[in-house]
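Q: Line by line, the protein sequences are chains C and X. To convert a position in the first sequence, counted from 1, into my numbering, add 509. To convert a position in the second sequence, counted from 1, into my numbering, add 4. There's a structure below that I have some questions on.
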Amino acid sequence: MTRLFPYPLLWLSLLAMWLLLARSIDPGQLLLGAIVASLGCGAASALGLPRVRIRRFDLVLKLVALVLWDICRSNLAVLLLVLGRREPQSVFVTIPLELRDPNALAILACIITATPGSAWVSHSSTNNTVLVHVLDTGDGIAWAETIKRTYEALLLEIFR
Amino acid sequence: MNALHALPEWAAILVALCLLAGALITLAGTIGLTRFPTFYQRIHAPTLGTSFGAAFILVASMIYFSVSEARPVLHELLILIFVTITTPITLMLLARAALYRDRAEGHDVAADAVEAERGETTGH
Numbered sequence: 510m511t512r513l514f515p516y517p518l519l520w521l522s523l524l525a526m527w528l529l530l531a532r533s534i535d536p537g538q539l540l541l542g543a544i545v546a547s548l549g550c551g552a553a554s555a556l557g558l559p560r561v562r563i564r565r566f567d568l569v570l571k572l573v574a575l576v577l578w579d580i581c582r583s584n585l586a587v588l589l590l591v592l593g594r595r596e597p598q599s600v601f602v603t604i605p606l607e608l609r610d611p612n613a614l615a616i617l618a619c620i621i622t623a624t625p626g627s628a629w630v631s632h633s634s635t636n637n638t639v640l641v642h643v644l645d646t647g648d649g650i651a652w653a654e655t656i657k658r659t660y661e662a663l664l665l666e667i668f669r
Numbered sequence: 005m006n007a008l009h010a011l012p013e014w015a016a017i018l019v020a021l022c023l024l025a026g027a028l029i030t031l032a033g034t035i036g037l038t039r040f041p042t043f044y045q046r047i048h049a050p051t052l053g054t055s056f057g058a059a060f061i062l063v064a065s066m067i068y069f070s071v072s073e074a075r076p077v078l079h080e081l082l083i084l085i086f087v088t089i090t091t092p093i094t095l096m097l098l099a100r101a102a103l104y105r106d107r108a109e110g111h112d113v114a115a116d117a118v119e120a121e122r123g124e125t126t127g128h
């Protein structure tokens, strides 16, 4: 099954993308979408991309909700900062991570960067730390601990 | 412009509000880009445009086309997903280039980075 079908999530996502773009679920479009998805998965396996192993699908929803909520909050915070007179107090924070799965790290990078107010600058694979720039925080260490406690803990659970 | 006149009033108001909100948030992001003093602070401001700015404009588009074509139009979601997963690539590229240049010029801005402790969840 895994030999024949190495990236089930990628395959389904590509099919969903095709159907959304085609805006129909005709059998013809389903067939075309399946062909495109298979070609995409073929490319992924030719590149030797690491497989996604999700253990806890229920926590994915929790993660999405948490991310949306945090994006809302930080959008408002940065908006006020831009329009206000106060100078932002920026810090660089080095966060040591337990997370090693490359897919999980990529998701964490997307989350941290998609939230305005924090940016993933560089990841060191030798000691598994990440350098993050935080736009406005009084306490960089507390900020890093929040990230570790919420996102990293959740991602560790999901990808364990 | 016939399609615009055919749009019911509630939908027109909703679309207009979403478009306005998205445009204003993106504008705030660009204002931040010019207002913040350092490069590393500036890279944060346009994220307003790629998160909520884009989201509001895409929601406006979804409402408009769903109502005017009388069927759900959701492929704008793809734009949001692709914007979200591709932003980190350019952002990291820019930030790392700036960091590299700063280090080459002898002032390592990240040298005084505060370091969080390794959590107790580590196995070693």
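Even glycine gets a Cβ: it sits at the ideal position worked out from N, Cα and C. Small disclaimer: the values here were computed from a predicted structure and weren't measured.
May I ask which residues mark the beginning and end of the beta strand (DSSP E) holding L608 (chain C)?
A: From DSSP, L608 (chain C) is part of no beta strand (DSSP E); its letter is neither H nor E.
Q: Given a cut-off of 8 angstroms on the beta-carbon distance, is the pair A114 (chain X) and L640 (chain C) in contact?
A: yes
Q: On the DSSP bridge assignment, give the partners of S70 (chain X) in chain order.
A: Looking at the DSSP assignment, S70 (chain X) forms no beta bridge with any residue, so it has no partner.
Q: Pairing CB atoms from the stretch 98 to 105 of chain X with CB atoms from the stretch 619 to 631 of chain C, are three or more of them under 8 angstroms?
A: yes
Q: Please report how far the alpha carbon of L62 (chain X) lies from the alpha carbon of S55 (chain X), in whole angstroms.
A: 11 angstroms
Q: Which of the three DSSP states is assigned to S633 (chain C) in this structure?
A: strand
Q: Out of C:S583, C:P605, C:T659 and C:R658, state which residue places its alpha-carbon closest to the alpha-carbon of D645 (chain C).
A: C:S583
Q: Out of C:W578, C:L589, C:I667 and C:A586, which has the shortest C-alpha to C-alpha gap to R609 (chain C)?
A: C:I667
Q: Could you give the DSSP three-state label for V561 (chain C): helix, strand or coil?
A: coil
Q: For the alpha helix (DSSP H) that contains A77 (chain X), what are its first and last residues?
A: The amino acid occupying residue 77 (chain X) in the given sequence is Val; Ala does not appear at that position. That residue, V77 (chain X), is in no alpha helix (DSSP H); it is neither H nor E in DSSP.
Q: Determine, using beta carbons only, whether V630 (chain C) comes closer than 8 angstroms to chain X.
A: Yes, because at least one Cβ of chain X sits closer than 8 angstroms to the Cβ of V630 (chain C).
Q: Using the C-alpha atoms, what's the distance from W14 (chain X) back to L663 (chain C)?
A: 40 angstroms
Q: Report the rounded CA-to-CA distance for I580 (chain C) versus S634 (chain C), giving the unit in angstroms.
A: In this structure, the straight-line span from the alpha carbon of I580 (chain C) to that of S634 (chain C) is close to 27 angstroms.
Q: What residues in its chain sit with their C-beta under 8 angstroms from that of A117 (chain X), if we drop five residues either side in the sequence?
A: none
Q: According to the neighbour-count rule (16 or more other Cβ atoms, all chains shown, within 10 Å of its Cβ), is F566 (chain C) buried or exposed?
A: exposed
Q: Using a Cβ-Cβ distance cut-off of 8 angstroms, determine whether I580 (chain C) contacts chain X.
A: By this cut-off, I580 (chain C) is an interface position.
Q: Which stretch, first to last residue, makes up the alpha helix (DSSP H) that contains L644 (chain C)?
A: Element bounds for L644 (chain C): n/a, residue is neither H nor E.
Q: State the DSSP-derived secondary structure class of V600 (chain C), mapped to helix, strand or coil.
A: strand
Q: Kindly indicate the opening and closing residues of the alpha helix (DSSP H) around K657 (chain C).
A: Here K657 (chain C) belongs to no alpha helix (DSSP H), and DSSP marks it neither H nor E.
Q: Do you know how far the Cα of G26 (chain X) is from the Cα of G53 (chain X)?
A: Inter-residue distance for G53 (chain X) and G26 (chain X) is about 8 angstroms (C-alpha atoms, whole angstroms).
Q: Of the residues that make up the stretch 595 to 619 of chain C, which ones have a beta carbon closer than 7 angstroms to any beta carbon in chain X?
A: P597, S599, V600, F601, V602, T603, I604, P605, E607, A618 and C619
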